[in-house]
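Below is one structure, written out as C-alpha cells; comments come after it.
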Amino acid sequence: MASQNPCTGDGVHLSFSHDASCFIAIDTAAVQWRCCDTFKLRGYYPAENARRAITAAAGDMHDPNRSTCAVVRRVAHASYVVKRFRPGSINYRSHYEAVQIDVDASDVVRSVHVHGDKTVVVHAGRVDMFGLDGVKTIVLQRRVETGDNPLGLCAVSRGPESPFAFACPGMNAGDVRVERWVGEFMPLVIHAHTSRLASIAMSWDAQLVATASVKGTIVRVFRIADGALLQKVRSLAQFRLREGKKYLAAFGNKPHTVLIIGMDGSFYRCQFDPEKGGEMKQLENMNFLKMLGR
C-alpha cells in the first residue's frame, strides 16, 4: 500500500503515484511524473505558474495504454477544473478529458484520486465523488462531509477488477470512514485512533484499510467487510532523516524496500530486514530537483 497523501512546501508539491511506480512533482512550470526505478520522465503537464495553479495531481503513468492520471487546476478564485488522461495518451493536452468543478473559495482542493470512470476530489472538509451517469455526463454522485482534513487524506481502491471503495477521515478525530460500492455494503465508521489521523492506505482489492495517527507510534490494519482490527504494527525498522524536513514514504516494487522523497529534493531507496528489523540499509540516494530543471 502506497501513501496517497500529498506533501507540500516551498517551490514544489510531492506525491507518490497510486502504485508507487512514480513520484509526482509540481514545480513552477509543470507537473512531472518520474519513474522511481529509472527516474525517467513518464508524464509531463506544462502549466504557467503551475505551483500556484495546479493544486493536486494523481495517477501512475506506468502503462501508457492504461494511464489513469488527473490534475486539478485552479481557473478562478472559486473554480477548479479536473483534467483526466484518456487511456493511451501521455503528454498531449488535447487528449485530456475535463470537467469543471465549482467550489467555495474557502474550500481548497487538497488531493485527487481516480478509479475507472470515477474521480475523487478531496477538500479540507469534504470528499466529492464524480462519475458518469447514463448519458456519459460527469455528475456529482456522492458527497461525504469529513472532519478537519488539511492534509487531504483519502485512500481509493486501485485494482482493475476491484470494486470502487474509498476511506477518508470521519467527523471525529481518529475515526476513518469507509465506503465500498458493491452489493448492500453500508458505510462503515471505524474508531482507529484517539488522535487525529496522519495517513490512510487501502489495499488494491478493497479488502483492507490501514491507518496511522499524528503520534506515529502504531499502524492499525482493519478488514473493510466488518471493521475488525486484524493487526497492530509498531516500528520494525528505522531510517534516520534530516530533522525539520517533510518526507513521504511508500513501499517499493522490490521485496522489503522503502522509497522516501523529501521536500528538499532528497530521494532514498532503502531495504529492511522483515525478521530482524533495526536500521534500514540505504541502497540509493540522489536529489531529484536537479532533474526538474531547478
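For the sequence shown, my numbering assigns the number 71 to the initial residue and increments by one for each residue that follows.
All C-beta atoms in this analysis are idealised placements derived from N, C-alpha and C, irrespective of residue type, glycine included.
| Asked | Found |
| --- | --- |
| Beta-carbon separation (whole angstroms), alanine 320 vs alanine 90, contact threshold 8 Å | 4 Å |
| Lysine 153 - DSSP class collapsed to helix/strand/coil | strand |
| Sub-8 Å separation of glycine 335 and asparagine 357 beta-carbons | yes |
| Distance between beta carbons of arginine 339 and threonine 327, contact taken as under 8 Å | 6 Å |
| Where leucine 221 falls: helix, strand or coil (DSSP) | coil |
| Strand pairing of asparagine 50, partner residues [DSSP] | This structure gives no information on residue 50, because the portion of the chain shown stretches from 71 to 364. |
| Pairwise C-alpha distance: glutamine 352 and leucine 111 | 24 Å |
| Whole alpha helix (DSSP H) elements within the region 264–312, 4-residue minimum | none |
| Span of the beta strand (DSSP E) around arginine 213 | 208–215 |
| Residues near methionine 350 in its chain [Cβ-Cβ closer than 8 Å; skip 5 each side] | Ala307, Gln308, Phe309, Val328, Cys340, Gln341 and Phe342 |
| Nearest candidate by alpha-carbon position, reference tryptophan 251, set Ile124, Lys188 and Thr125 | Lys188 |
| Any C-beta of chain B under 8 Å from that of glycine 229 | Among the protein chains of the structure shown there is no chain B, as only one such chain exists. |
| Simplified DSSP assignment, three categories, for alanine 235 | strand |
| Cross-strand partners of aspartate 198 (DSSP beta bridge) | Val191 and Arg213 |
| Exposed unless 16 or more other CB atoms sit within 10 angstroms - verdict on histidine 183 | buried |
| For alanine 123, the first and last residue of its enclosing beta strand (DSSP E) | Taken as a continuous stretch (DSSP letters only), alanine 123 belongs to no beta strand (DSSP E), being part of the alpha helix (DSSP H) at 120–123. |
| Buried versus exposed, by CB contacts within 10 Å (16 or more), proline 239 | buried |
| Which of helix, strand or coil DSSP assigns to serine 93 | First, the amino acid is wrong: residue 93 is phenylalanine here, not serine. Strand, per DSSP. |
| Given leucine 258 as reference, the closest of Ala268, Gln277, Tyr115 and Ser265 once Cα atoms are compared | Gln277 |
| Alpha carbon of lysine 346 to alpha carbon of lysine 315, nearest angstrom | 28 Å |
| Cβ contact check for the region 235–249 and the region 201–208: 3 or more pairs under 8 Å | no |
| Collapsed DSSP secondary structure at lysine 360 in the structure displayed | helix |
| Sequence-distant residues of the same chain with beta carbon closer than 6 Å to leucine 359, five excluded per side | Gly335 |
| Range covered by the beta strand (DSSP E) that runs through proline 344 | Careful: proline 344 lies outside any beta strand (DSSP E) and carries neither H nor E. |
| For alanine 120 and threonine 98, believed in contact at Cβ under 8 Å, the rounded distance | 6 Å |
| Neighbour-count burial assignment, leucine 84, 16 or more Cβ in a 10 Å radius | buried |
| Rounded C-alpha distance that separates lysine 294 from histidine 185 | The question names lysine, yet the displayed sequence has isoleucine at residue 294. The straight-line gap from Cα to Cα measures roughly 18 Å. |
| Helix, strand or coil at glycine 113 according to DSSP, with G and I counted as helix | strand |
| Proximity winner among Arg290, Ser265, Ala237 and Asn219, relative to valine 226 (alpha-carbon distances) | Ala237 |
| For serine 181, the first and last residue of its enclosing beta strand (DSSP E) | 179–185 |
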